[in-house]
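Residue numbers (UniProt numbering), protein chains in the order written: chain U, 1 to 123; chain B, 1 to 123; chain E, 1 to 123; chain D, 1 to 123.
Structure, as structure tokens:
Protein chains: 4
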Amino acid sequence: MKQDFHSSKPIYLQIADQIFFRLVRKELFPGDKLPSVREMAIQTKVNPNTIQRTYSEMERLGIVETRRGQGTFITEKAGIVDELKERLTREVCESFVMQMKELGLTKEEMLEGIEKHAEGGRK
Amino acid sequence: MKQDFHSSKPIYLQIADQIFFRLVRKELFPGDKLPSVREMAIQTKVNPNTIQRTYSEMERLGIVETRRGQGTFITEKAGIVDELKERLTREVCESFVMQMKELGLTKEEMLEGIEKHAEGGRK
Amino acid sequence: MKQDFHSSKPIYLQIADQIFFRLVRKELFPGDKLPSVREMAIQTKVNPNTIQRTYSEMERLGIVETRRGQGTFITEKAGIVDELKERLTREVCESFVMQMKELGLTKEEMLEGIEKHAEGGRK
Amino acid sequence: MKQDFHSSKPIYLQIADQIFFRLVRKELFPGDKLPSVREMAIQTKVNPNTIQRTYSEMERLGIVETRRGQGTFITEKAGIVDELKERLTREVCESFVMQMKELGLTKEEMLEGIEKHAEGGRK
DNA sequence: GTGGTCTAGACCACA
DNA sequence: GTGGTCTAGACCACG
Chain U
1 MKQDFHSSKP IYLQIADQIF FRLVRKELFP GDKLPSVREM AIQTKVNPNT
51 IQRTYSEMER LGIVETRRGQ GTFITEKAGI VDELKERLTR EVCESFVMQM
101 KELGLTKEEM LEGIEKHAEG GRK
Chain B
1 MKQDFHSSKP IYLQIADQIF FRLVRKELFP GDKLPSVREM AIQTKVNPNT
51 IQRTYSEMER LGIVETRRGQ GTFITEKAGI VDELKERLTR EVCESFVMQM
101 KELGLTKEEM LEGIEKHAEG GRK
Chain E
1 MKQDFHSSKP IYLQIADQIF FRLVRKELFP GDKLPSVREM AIQTKVNPNT
51 IQRTYSEMER LGIVETRRGQ GTFITEKAGI VDELKERLTR EVCESFVMQM
101 KELGLTKEEM LEGIEKHAEG GRK
Chain D
1 MKQDFHSSKP IYLQIADQIF FRLVRKELFP GDKLPSVREM AIQTKVNPNT
51 IQRTYSEMER LGIVETRRGQ GTFITEKAGI VDELKERLTR EVCESFVMQM
101 KELGLTKEEM LEGIEKHAEG GRK
């Protein structure tokens, strides 16, 4: 639940990613209610406006829905989680492969690189 | 030599990355003179100040040296390229592994994911 | 808060030095918020970009931290001030001693020279 | 005889300083002929234009004289060395005292600082 | 309102 | 010609 204030990725997207990851890891489920903007702001120690933006962004992507007066909920649409997992996995892999190719590494070296770092800490 | 003007990564860092990649791929060598700030600005179609910043950043990282009135050169220090390659590779791999772990995937699934995407285009 | 526009030392570094000096003289404390880039630009009568550069440089040295949208703050890390004072003092002394030695003066003559000039104005 | 290519002090002045120091240390005497611009450029590994400028500057200060077709010589005027030594010493001391005062140090601390660093290497 | 990036254009010292 | 600094002014994402 830590934000990197110096990353080029905006904080509001970092927080969205964290929620996506929790969904994919089954720590969160379709239909679950997310903390209120205020509550979430306290938990993550960022400005409520930032959380507002996180929620808007997730709504735009169809991952959550806001119900007036009730709060923000994970969309119940079938397959939402699998879709998300599929999408995130693809993005991460594609980005990885592209960067490694730019470094001139072969597929074998990529696999090797992962073996070497797979034991690394969570940062 | 194309920049993505809409990426969240600043142009001046994108250009630095491109130079790093060319170094690692042996298209550029220690001791080589980089194009002058103005020349590079024309090639990359950005403002000279942006290139200035690229070069400053690379100097800060010890990859290049500037000699007043003469130009900017790749550092001649032995091992600079391997060091750089090592560092860039590590960064990319660690980031990948971390993200995949956050998606709850095992090492096997990571390797599989790469196999699936390794044939993808260069961007 | 005056800058010397004709010094060979860049303005952005002169301003950084002034802030360092204020920190060391306890006129500024860890955790303090510095004036915003624009505000500082007005105070020092230079362009905001110049202040931006001052702040970047200080961040690079670990003296300040910027929090996006909030401002720039003196780093809270313990010992930051003593470290800085120590470093600045060392730099000044070493440079002095080196130059005096190049003039062929003995330690006694150095001490004497200081006695003679210690009453001089602050510039 | 080393130049610092990254100092804010221009190379041509660094070289002038080195000559001044040699004069003051009696390694060089009034009436001595300095190496030709070309020769000096080779010795110091800088561009001949830079040496040209060094010589011009020293001439402007009355330390050297150029005699057409013969070369550049240290001025023979009486007292030139003592004057120079006096001036350089004063400049170095004043600058030192000013900087130390800006750091909020007392005269005692200055003397102490020198004691501590007087044994330090020549850089 | 905050910092960050970028452009355009200028001037300078240096080589 | 080279890099370095500075200004002016703009736009942007973020908080």
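For glycine and all other residues, C-beta sits at the position ideal for the given N, C-alpha and C.
*How about residue 5 of chain U: is its C-beta nearer than 8 angstroms to some C-beta of chain E?*
For residue 5 of chain U, the nearest beta carbon of chain E is closer than 8 angstroms to its own beta carbon.
*CB residue 3 of chain U to CB residue 44 of chain U, shorter than 8 angstroms?*
For residue 3 of chain U and residue 44 of chain U, yes; Cβs fall inside 8 angstroms.
*Compare the Cα-Cα distances from residue 38 of chain D to each of D/94, D/57, D/30 and D/51 and report the closest residue.*
Answer by Cα proximity: D/51.
_Rounded distance between the beta-carbons of residue 96 of chain B and residue 96 of chain U, thought under 8 angstroms_ = Distance from residue 96 of chain U to residue 96 of chain B at the Cβ level is roughly 4 angstroms; contact confirmed, criterion being Cβ atoms closer than 8 angstroms.
*asked:* With the cut-off set at 8 angstroms, would you say residue 25 of chain B and residue 104 of chain U are in Cβ contact?
replied: Taking 8 angstroms as the cut-off, the beta carbon of residue 25 of chain B is found closer than this to the beta carbon of residue 104 of chain U.
*residue 8 of chain B: beta carbon under 7 angstroms from a heavy atom of the ligand GDP?*
With respect to small molecules bound, the structure shown includes none, and the ligand GDP cannot be examined in it.
*Just how far apart, CA to CA, sit residue 99 of chain B and residue 40 of chain D?*
If I take the Cα positions, the gap works out to 59 angstroms.
*Going by DSSP, which residues form a beta bridge with residue 73 of chain D?*
Under DSSP, residue 73 of chain D forms a beta bridge with D/33 and D/65.
*Partners in chain D for residue 8 of chain E, counting only beta-carbon separations shorter than 8 angstroms*: Chain order gives the chain D residues near residue 8 of chain E as 8, 9 and 10, where near means a beta carbon separation below 8 angstroms.
*asked:* Judging by CA-CA distance, which residue of B/102, B/116 and B/107 is the nearest neighbour of residue 18 of chain U?
replied: Taking only the C-alpha atoms, the option nearest residue 18 of chain U is B/102.
*Which residues in chain B sit within 7 angstroms of residue 100 of chain U, going by Cβ to Cβ distance?*
By Cβ distance, chain B contributes 92.
_Would you say residue 89 of chain B lies against chain U (beta-carbon separation less than 8 angstroms)?_
The beta carbon of residue 89 of chain B falls within 8 angstroms of a beta carbon belonging to chain U, placing the residue at that interface.
*How many Å lie between residue 71 of chain B and residue 65 of chain B at the Cα?*
In this structure, the alpha-carbon of residue 71 of chain B lies about 9 angstroms from that of residue 65 of chain B.
_With H, G and I counted as helix, E and B as strand and the rest as coil, what does DSSP make of residue 200 of chain U?_
Nothing about residue 200 of chain U can be reported from this structure: the residues present for chain U run from 1 to 123 only.
*Extent of the continuous alpha helix (DSSP H) to which residue 125 of chain E belongs*: Outside the shown range of chain E (1 to 123) lies residue 125 of chain E, about which nothing can therefore be said.
*Is there at least one Cβ from chain U nearer than 8 angstroms to residue 131 of chain E's Cβ?*
As shown, chain E starts at 1 and ends at 123. That puts residue 131 of chain E outside it, with no answer to give.
_On the criterion of 16 or more Cβ atoms from any shown chain inside 10 Å, does residue 42 of chain B qualify as buried, or is it exposed?_
Taking a 10 Å sphere around the C-beta of residue 42 of chain B, we find fewer than 16 other C-beta atoms and assign the residue as exposed.
*Given that residue 68 of chain B touches chain D, what residues does it touch there, using C-beta distances under 9 angstroms?*
Chain-ordered, the chain D residues with CB closer than 9 angstroms to the CB of residue 68 of chain B read 5, 6, 10 and 11.
*Taking 8 angstroms as the CB-CB cut-off, is residue 113 of chain U touching chain B?*
Answer yes: the Cβ-Cβ gap between residue 113 of chain U and chain B drops below 8 angstroms somewhere.
*With a threshold of 16 other CB atoms inside 10 Å of the CB of residue 16 of chain D, please say whether the residue is buried or exposed.*
Its Cβ being crowded by 16 or more others within 10 Å, residue 16 of chain D is buried.
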